[in-house]
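Take a look at the structure below.
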DNA sequence: GAATATACATAAGTATCTTAGGTATAACGA
DNA sequence: TCGTTATACCTAAGATACTTATGTATATTC
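Residue numbers (my numbering), protein chains in the order written: chain A, 1 to 112; chain B, 1 to 112.
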């Protein structure tokens with residue numbers, strides 16, 4: 001697991017990214033998918049995820065529908081029609097931000 | 001400028017990276033360098049930078065020496081001998097973290 | 001039948017940031 | 001010469017995204 005502070009601010013774009021790929025997902029599924037993609041290096045804690053999902057719903061970006069699987073409830077999240085566009089914008093910004101980080105780490109500048 | 005929340009957690013590794021390249025820098029110089037490297041997309045606020053530098057010093061990773069330039073004081077930061085190693089470790093972790101972000105954004109997973 | 005996995009949730013505390021303010025010198029343009 | 005911008009440091013209040021801990025409940029596995 002990475003140091004806790006690195007992760008701040010990345011959770012929302014991660015959620016948005018996954019939902020852009022899969023249309024609808026439930027919370028626990030998101031934690032599993034992230035863990036799998038990063039070979040266990042990044043584990044989203046539920047104490048962070050659920051409040052984040054609730055906020056995205058409260059902001060009108062995601063909507064939910066509950067479904068019974070076996071005897072357990074799953075709460076599926078998907079984009080609202082307006083949220084779709086907002087999510088795309090946020091993802092573009094996030095990718096651009098990561099590019100900037102790479103620039104900082106790699107630029108052979110006039111330093112030294 | 002990027003959304004505020006994206007930036008959280010990245011300031012410390014940025015400082016460490018720059019000091020690995022240049023040996024010693026002062027606060028204001030760091031803000032200029034970051035702005036230049038990112039074409040103005042990332043501007044470190046002084047309210048964030050100075051407390052971060054103070055913390056790195058308090059943690060024994062950086063040390064300082066004040067210098068008079070013209071009539072203005074510059075406070076130069078550089079690694080302590082033990083801080084050098086810690087900084088390297090932190091940078092490796094940060095790069096790895098960015099790689100994980102890329103994995104999440106790019107993996108053609110079994111989703112959909 | 002105990003431990004682990006699945007699946008949701010909240011709440012207190014921590015840490016990093018933003019925003020806003022403060023001090024002071026240097027340089028530049030109107 | 002006077003106001004603005006740049007340089008250069010600093011702190012404090014408030015916002016907020018996280019961690020850690022806890023709770024509830026069902027399903028599966030050993």
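Note that CB positions come from ideal geometry on N, CA and C, so glycine has one too.
Flag this pair as yes or no: are the beta carbons of residue i and residue j separated by less than 9 angstroms?
i: residue 105 of chain A; j: residue 16 of chain A; result: no
i: residue 63 of chain B; j: residue 38 of chain B; result: no
i: residue 28 of chain B; j: residue 76 of chain B; result: no
i: residue 56 of chain A; j: residue 88 of chain A; result: no
i: residue 97 of chain A; j: residue 42 of chain B; result: yes
i: residue 78 of chain A; j: residue 23 of chain A; result: yes
i: residue 18 of chain B; j: residue 10 of chain A; result: no
i: residue 30 of chain A; j: residue 49 of chain A; result: yes
From the DSSP output, in three-state form, read off residue i for me.
i: residue 31 of chain A; result: helix
i: residue 8 of chain B; result: coil
i: residue 26 of chain B; result: strand
i: residue 17 of chain B; result: helix
i: residue 62 of chain B; result: strand
i: residue 112 of chain B; result: Model confidence at residue 112 of chain B stands at a pLDDT of 43, short of 50, so the residue's coordinates are unreliable; what they give is reported in the following sentence. DSSP places residue 112 of chain B in coil when its eight states are reduced to three.
i: residue 82 of chain A; result: helix
i: residue 68 of chain B; result: strand
i: residue 50 of chain B; result: helix
i: residue 104 of chain A; result: helix
Measure from the C-beta of residue i to each C-beta in chain B and report whether the shortest distance is under 9 angstroms.
i: residue 17 of chain A; result: yes
i: residue 79 of chain A; result: no
i: residue 127 of chain A; result: No answer is possible for residue 127 of chain A: it lies beyond the span of chain A, which begins at 1 and ends at 112.
i: residue 66 of chain A; result: no
i: residue 41 of chain A; result: yes
Are there 16 or more other CB atoms within 10 angstroms of the CB of residue i, so buried, or fewer, so exposed?
i: residue 1 of chain B; result: exposed
i: residue 36 of chain B; result: exposed
i: residue 60 of chain B; result: exposed
i: residue 100 of chain B; result: buried
i: residue 92 of chain B; result: exposed
i: residue 68 of chain B; result: exposed
i: residue 33 of chain B; result: buried
i: residue 44 of chain B; result: buried
i: residue 14 of chain A; result: buried
Counting only Cβ pairs nearer than 7 angstroms, list the residues of chain B close to residue i.
i: residue 121 of chain A; result: The structure shown does not extend to residue 121 of chain A, since chain A is modelled only from 1 to 112, so the question has no answer here.
Any beta-carbon of chain A closer than 9 angstroms to the one on residue i?
i: residue 2 of chain B; result: yes
i: residue 112 of chain B; result: Summary for residue 112 of chain B: the model assigns pLDDT 43, below 50, so the residue's position carries little reliability; its value from the coordinates is reported in the next sentence. Yes, residue 112 of chain B lies at the interface with chain A (some Cβ there is under 9 angstroms from its Cβ).
i: residue 38 of chain B; result: yes
For residue i, go through chain A and note every residue whose CB falls closer than 7 angstroms to its CB, in chain order.
i: residue 8 of chain B; result: 8 and 9
i: residue 105 of chain B; result: 17 and 95
i: residue 44 of chain B; result: Under the 7 angstroms cutoff, chain A gives no residues; its nearest Cβ is about 11 angstroms from residue 44 of chain B.
i: residue 89 of chain B; result: The contacting residues do not exist; residue 89 of chain B stays about 10 angstroms from chain A at best.
Closer than 8 angstroms by beta-carbon distance: list the chain A residues that pair up with residue i, in chain order.
i: residue 73 of chain B; result: Correct list: empty, because the minimum Cβ distance to chain A is about 22 angstroms.
Note down, in chain order, every chain A residue with its Cβ under 9 angstroms from the Cβ of residue i.
i: residue 35 of chain B; result: Here the premise fails: no neighbours, minimum Cβ distance about 11 angstroms.
Note down, in chain order, every chain B residue with its Cβ under 9 angstroms from the Cβ of residue i.
i: residue 14 of chain A; result: 101, 104 and 105
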